[in-house]
Ligand SMILES: [Zn+2]
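In my numbering, the protein residues as written are 4 to 331.
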C-alpha cells in the first residue's frame, strides 16, 4: 500500500495540533513539584527528617489537586479566587470566615468566583488534626495537597477573572506565566535558598495578604504581555521546540526570555514566596498540634486502598474532560 503525500501532510498536521493542545496546569506540574520539594528544606529539625524521607511522595502528589479536577466537580474553585469580581469598600471588609462569606455572598457565587483562601484555611485545620492524631498517611496527603493550593494562591492569574487572558485576546497567558517561564528558567537561574519556615501567628491573614498581592500583580502580568506582543514580530512569538522530550508548539524561547525580563523576576519571587508559605503552613500546623515526634511515624505506610484511589485519579485525569475551570 502506498500512502499519498496528502495523507502524510494531514497526519502531520493532526499530530502537531494534538501536541499544541495539551492542557497547562496551575503553576504547571513542574513548578508544583519543585515548590513542594524545596519547601522541605525550610523545616526545623523536628520535622525535616520525616519530610525528607517522604520527599518523593510530596513531589509526586503535589499535582493531585489538579488531577482531581477531572473527577470531582467541587475541585476547580479551590484553586483560585477572582478578586476582581468582588466590589468591596476596603480589604478588611472581605469576610475571612467561610460561614460569614456564605452569609454575605451565597454559596453559588462563591463557587463561581473561587474559594482558594477559605479552602486553604480548612486544609490547615485538617493538617493540624492529622499531626495531633499522629496519622502519617494523612499528614503526607494533606501536606502535598495544601502545598498545591497555597502555591496556586500565589499566582496572579489565579486571583483574576481574566485568568487566561480570555477577556483581552491573550489566550494562553496563564500557562505562559506559570509553566513556560519556570520550565525555562527555574532550574538554571532561580535562587531557592530561602531560609527557614516561620510560625504564622495569623495564618488566615497571611494567606489573604498573598491573595491580595496576586490580585494586584495580575494587571502587570497581562499588561506586560500585551506590550510585548505589540513590539515582537508575530511570526516569532511561537515556535516548535522540545518540551519534556517532545516537540510542541509553544511560546518561543526568545519571546519567553523577553517576557521574563519585562516581569523583572516576578515569577521567581512568587515561586520563592510559595515555597516559604508552604513550609510555614506545614510548620505552623505541626506547632499548633503540640510538635508531636514524627520519628515514630516513619514506619507507617499507605494502604492498598490509597494506591487504588491514586490509580483511579490518574485514569480520570488521562481520559476524562475537566470539570470546571482549568488553566489552558
Ligand atoms: Zn491548581
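Where a beta carbon is used, it is the ideal one built from N, C-alpha and C, also for glycine.
- 8 Å or more divides the Cβ of residue 154 from the Cβ of residue 256.
- Shown here for residue 226: not one same chain residue has a beta carbon closer than 6 Å to its own, the five before and five after excluded.
- Rounded to whole angstroms, the Cβ separation of residue 61 and residue 197 is 16 Å, and the two are not in contact under 8 Å.
- Between the stretch 178-196 and the stretch 123-142 there are fewer than three inter-stretch CB-CB distances shorter than 8 Å, so the stretches are not counted as touching.
- Taking 8 Å as the upper bound for CB-CB distance, residue 221 and residue 162 are in contact here, some 6 Å apart.
- With respect to the 8 Å criterion, residue 119 and residue 94 are not classified as neighbours on the basis of their beta carbons.
- Boundaries for residue 125: no beta strand (DSSP E) harbours it, while the alpha helix (DSSP H) harbouring it runs 119-135, taken from the DSSP string.
- If you compare the alpha carbons of 160, 325, 284 with that of residue 210, the shortest gap goes to 284.
- Between the alpha carbons of residue 103 and residue 182 lies a distance of about 35 Å.
- Rounded to the nearest angstrom, the Cβ distance from residue 240 to residue 258 is 5 Å, consistent with a contact under 8 Å.
- Note: residue 242 is bridge-paired with 253 in the DSSP secondary-structure output.
- Residue 174 sits in coil when the DSSP states are folded into three classes, being neither helix nor strand.
- When the five nearest sequence neighbours on each side are left out, the beta carbons in the same chain lying within less than 6 Å of the beta carbon of residue 159 are those of 217, 220, 221, 224, in order along the chain.
- When DSSP assignments are scanned along the stretch 38-66, the uninterrupted stretches of alpha helix (DSSP H) that are 4 or more residues long and fall wholly within it turn out to be 48-56, 58-63.
- Here the alpha carbons of residue 287 and residue 96 stand approximately 26 Å from one another.
- Spatial neighbours of residue 246 in its own chain (CB-CB distance under 8 Å, excluding positions within 5 residues in sequence) are listed in chain order as 186, 253.
- A distance of 8 Å or more separates the beta carbons of residue 47 and residue 189.
- Inter-residue distance for residue 323 and residue 270 is about 30 Å (C-alpha atoms, whole angstroms).
- Closest in alpha carbon position to residue 297, among 135, 236, 157, is 135.
- Residue 275 is classed as buried because its beta carbon has at least 16 other beta carbons within 10 Å across all chains shown.
- Taking 8 Å as the upper bound for CB-CB distance, residue 164 and residue 85 are in contact here, some 4 Å apart.
- Note on residue 69: 16 or more other CB atoms within 10 angstroms of its CB, so buried under the neighbour-count rule.
- The beta carbon of residue 295 is closer than 6 Å to those of 134, 137 in its chain, skipping five residues each way along the sequence.
- The C-alpha of residue 168 is placed about 19 Å away from the C-alpha of residue 260.
- For residue 130 and residue 150, the gap between their C-alpha atoms comes out near 11 Å.
- When secondary structure is reduced to three states using DSSP, residue 313 falls in the helix class.
- A distance below 8 Å separates the beta carbons of residue 73 and residue 325.
- Close CB contacts of residue 117 within its chain, under the 6 Å cut and outside five residues either way in sequence, are with 80, 83, 84, 85 (chain order).
- Within the same chain, and ignoring the five residues on either side of residue 171 in sequence, the residues whose Cβ sits closer than 8 Å to its Cβ are 165, 225, 229.
- Between residue 71 and residue 157 the beta-carbon gap is near 20 Å, outside 8 Å, which marks them as no contact.
- The continuous alpha helix (DSSP H) containing residue 282 extends over residues 269-291.
- Nearest C-alpha to residue 110 among 127, 90, 77, 282: 77.
- For residue 219, the enclosing alpha helix (DSSP H) covers residues 206-234.
- In this structure, residue 206 lies near residue 127, with their beta-carbon atoms less than 8 Å apart.
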